[in-house]
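Under our numbering, the first residue of the sequence shown is numbered -8, with each subsequent residue one higher.
Data block below; observations after.
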Amino acid sequence: MSGYGDIESGGGGGAFDFSEKTIRLAFIRKVYSILMIQFINIDSHHPCRKVYSILMVQIGISATFIGLFTLHEPTKLWVYQHPALFLVSFVTMFVTLICISCCESVRRTYPMNIIFLGIFTLAESFLLGVISSKYNGELVFWAAAITCVICLSLTIFAFQTKVDFTMMGGVLFVCVIVLFVFGIVAMFFPGKIITLIYGACGAVLFSIYLIYDTQLMMGGNHRYSISPEE
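Here is the structure:
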């Protein structure tokens, strides 16, 4: 990645290396600053603002785990020496997710909902950190940057578009089942092409899900919406 000029300083001679920790951290700060600006004008009592505030905290925790496990060699080595922690984190994340999804008393009762959400965030962040530590650090951060840009773009689209996605809940659920079955079949036919197709279908499906969930939170002129308590 070296050889590019320093764009922000206006110079063209300095080397730009995205692998440097300081540049990475500066890049992440700019991405989060843009995210903050995008929803700062939302009514403070609107559920969207509360959801995105919580989401920002979750992203920050996940980014911290990923950065620590990717850039700090002693931590990476410690994770490799304790593989059982991966299984413990996975089970913890799965159990808390089921509780949040299926138990209304957990989902709507304060501070129970915050406690379970915090446990879920920590477990998921640990899993993301372990997975990220197995890949090149630069690739991980590029993937995170692309994900942030896509999520930001889709959120803006959900706020601006006149197309009502809230009526697609049943169709999206069927697509998830199809994707799940396709993933099981793909396990028996490994290959780059089928992996690429599976990943692309998953990315498109959950991108539509992001628009769907955002419009459910917005309410307004959309046919379906969720209550602020949810």
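Glycine included, every Cβ here is placed at the ideal spot set by N, Cα and C.
Treat the numbers as computed from the prediction; the structure is a model and nothing was measured.
About 5 Å separates the beta carbons of residue 156 and residue 203, which is inside the 8 Å limit, making them a contact pair.
Between residue 62 and residue 120, the C-beta gap is not smaller than 8 Å, which leaves the two residues out of contact. Separation of the CB atoms of residue 81 and residue 118 is rounded to 6 Å, and the pair is thereby assigned contact status at 8 Å. Under the three-state reduction of DSSP output, residue 44 falls in the helix class. Residue 114 sits close to residue 84, with the two beta carbons spaced by under 8 Å.
Inter-segment contact for the segment 191 to 202 and the segment 133 to 153 is present: three or more beta-carbon pairs are separated by less than 8 Å.
For residue 127, the three-state secondary structure derived from DSSP is coil. Counted as a single uninterrupted DSSP element, the alpha helix (DSSP H) harbouring residue 71 occupies residues 64 to 72. The criterion of a C-beta distance shorter than 8 Å is satisfied by residue 116 and residue 53.
Taking C-beta atoms as the reference points, residue 111 and residue 87 count as a pair closer than 8 Å. Ranked by how close their Cα comes to the Cα of residue 208, the residues 186, 146, 180 and 127 have 146 in first place.
About 6 Å separates the beta carbon of residue 196 from that of residue 170, a gap short enough to meet the 8 Å contact definition. Annotated three-state conformation of residue 94 is coil, per DSSP. Cβ contact annotation for residue 77 (same chain, cutoff 6 Å, sequence separation greater than five): 121, in chain order. Residue 90 is positioned such that its CB atom lies no closer than 8 Å to that of residue 79. From the listed residues 105, 93, 142 and 124, the smallest Cα separation to residue 69 is found for 124. DSSP, read as helix, strand or coil, puts residue 183 in helix. Around the beta carbon of residue 183, fewer than 16 other beta carbons sit within 10 angstroms, so the residue counts as exposed. The C-alpha of residue 165 lies about 12 Å from the C-alpha of residue 173.
In the structure shown, the three-state DSSP call for residue 169 is helix.
Annotated three-state conformation of residue 117 is helix, per DSSP.
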